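In what follows, a single structure is set out as structure tokens and then discussed.
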Amino acid sequence: MENESGKVGRIAAPFDFEGLVNYSGQSDLMDPSGMNCPVTVLDARHRHARLEAREGDDSSAEDTLFRGCGFLLAKHASAVVEWTDHEEVKAKYYDEANELVRCLLPSFSVMPSVGHIYRAEDVTEDSTLEQGPAQYVHNDYGDDLDEDGAVVNRWCDLVFGNGSDTGNRRMVGVNLWRSVSRKPLARMPLAVLDRRTIDRDALLYQKNPGLHAKGNMTAMPPSDDHEWNYYPDMTREEVLVFLTYDSDPQPNDLFGSKGAPFTPTMHTAVAISDTDHLHQRESVEMRYFAYSPLPRG
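In terms of my numbering, the sequence shown opens at residue 4 and continues consecutively.
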């Protein structure tokens, strides 16, 4: 299938839709010129197969995440019954999600989760565990770059330290996002940007303003070349997985070159018009990091 632009007027499948996306400006993250940009959000079910993660998989998932679009949909049931019960989520889902990431990233050692966030449209005050949908194009992590765009400080070194063991590791991050409403997702889906349609030189960095956040976040201005995707009608038995960090992209990876900054899977919540009468979006996301030794030489 030909690469399709995310700009308006490119609807080609029944569940593609046109929505408004909040970008940053061309050079200033607070520039209002990037707000309410019309885009076409493409039905990823129509274009990408769903993955069934299994123990011992040689993992097409790694190929998709590191060398492809940067996101995938995995079939994954959970024992959690009440997703608003944070203690139940911690007791059941953390181990389930860790096992899923381990199957998806067999080349890496998976670290314990840094926690979960329940998001819903009726959350009016953000806390560590409960927040409203994030309606702006972003990625939560970003390295420090010099004036020439080369990495001078890795985000993972700031957060995890830069000792003799951690400094020689490649650190990658993935986000697990699932709809947890009792009915399939109908409003405010999470849209993910195909990494292959990103101009790395256009990425913008600023200190992350999030709760308890460290280091930079990544933003970007709009572009007609962007290809936005979402999965309509997501159920509780599915997880959207996308790549949020890679400290050392390898030469055969997308955008992989020594000293170059990582190009993340940018994402944002997007409203679907004429859905105000439907049940609200409820989701739970978890963030995982995994590491592997850096190649010698």
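Yeah, the Cβ is synthetic: ideal placement off N, Cα and C, and Gly gets one too. These figures come from a predicted structure and were not determined experimentally.
Asked                                                                                                                    : Found
Status (buried if at least 16 other CB within 10 Å, exposed otherwise) for Gly-12                                        : exposed
Bounding residues of the beta strand (DSSP E) (the contiguous stretch that carries Asp-160)                              : Per DSSP, Asp-160 belongs to no beta strand (DSSP E); it is in the alpha helix (DSSP H), 158–163.
Buried versus exposed, by CB contacts within 10 Å (16 or more), Leu-206                                                  : buried
Among Asn-39, Asn-255 and Trp-180, the one whose alpha carbon lies nearest that of Pro-67                                : Here the sequence assigns Thr to residue 67, which means Pro is not the residue at that position. For Thr-67, the nearest C-alpha among the options comes from Asn-255.
Val-83 versus Tyr-26 - alpha carbon distance                                                                             : 35 Å
Cβ pair count under 8 Å reaching 3, the segment 45–52 against the segment 82–98                                          : no
Simplified DSSP assignment, three categories, for Thr-247                                                                : strand
Inter-stretch contact (C-beta, 8 Å, three-pair minimum) for the segment 125–137 and the segment 230–250                  : no
Distance between Arg-299 and Val-24 (C-alpha atoms, nearest Å)                                                           : 42 Å
Rounded separation between Val-287 and Asp-88 - CA only                                                                  : 11 Å
First and last residue of the uninterrupted alpha helix (DSSP H) at Ala-100                                              : 97–107
Beta-carbon gap between Asn-232 and Val-195 smaller than 7 Å                                                             : yes
Residue range of the beta strand (DSSP E) that includes Glu-285                                                          : 285–296
Neighbour-count burial assignment, Pro-41, 16 or more Cβ in a 10 Å radius                                                : exposed
CB of Val-117 within 7 Å of CB of Arg-290, strictly                                                                      : yes
Which of helix, strand or coil DSSP assigns to Thr-67                                                                    : helix
Residue closest to Phe-69, alpha-carbon to alpha-carbon, out of Thr-266, His-270, His-282 and Val-273                    : Thr-266
Buried or exposed by the 16-neighbour rule on C-beta atoms within 10 Å, applied to Glu-5                                 : At Glu-5, the pLDDT of 43 sits below 50, so the modelled position is not reliable; the number obtained from the coordinates is stated separately. Glu-5 should be labelled exposed.
N- and C-terminal bounds of the beta strand (DSSP E) containing Phe-265                                                  : Careful: Phe-265 lies outside any beta strand (DSSP E) and carries neither H nor E.
Ser-8 versus Met-269 - alpha carbon distance                                                                             : Annotation note: pLDDT 45 at Ser-8 (below 50); position unreliable, coordinate value reported separately. Roughly 15 Å separates the two Cα atoms.
Residues of its chain near Arg-157, where Cβ-Cβ distance is below 6 Å and the 5 sequence neighbours each way are ignored : Asp-146 and Ser-250
Burial state of Val-183, where buried means 16 or more other Cβ atoms lie within 10 Å                                    : buried
Tyr-233: first and last residue of the uninterrupted beta strand (DSSP E) it sits in                                     : 231–233
Sequence-distant residues of the same chain with beta carbon closer than 7 Å to Asp-125, five excluded per side          : Gln-283
Secondary structure of His-119, DSSP reduced to three states                                                             : strand
Where the beta strand (DSSP E) through Glu-21 begins and ends                                                            : 20–24
Burial state of Gly-152 (16 or more Cβ within 10 Å)                                                                      : exposed
Under the three-state DSSP convention, the category Glu-133 falls into                                                   : strand
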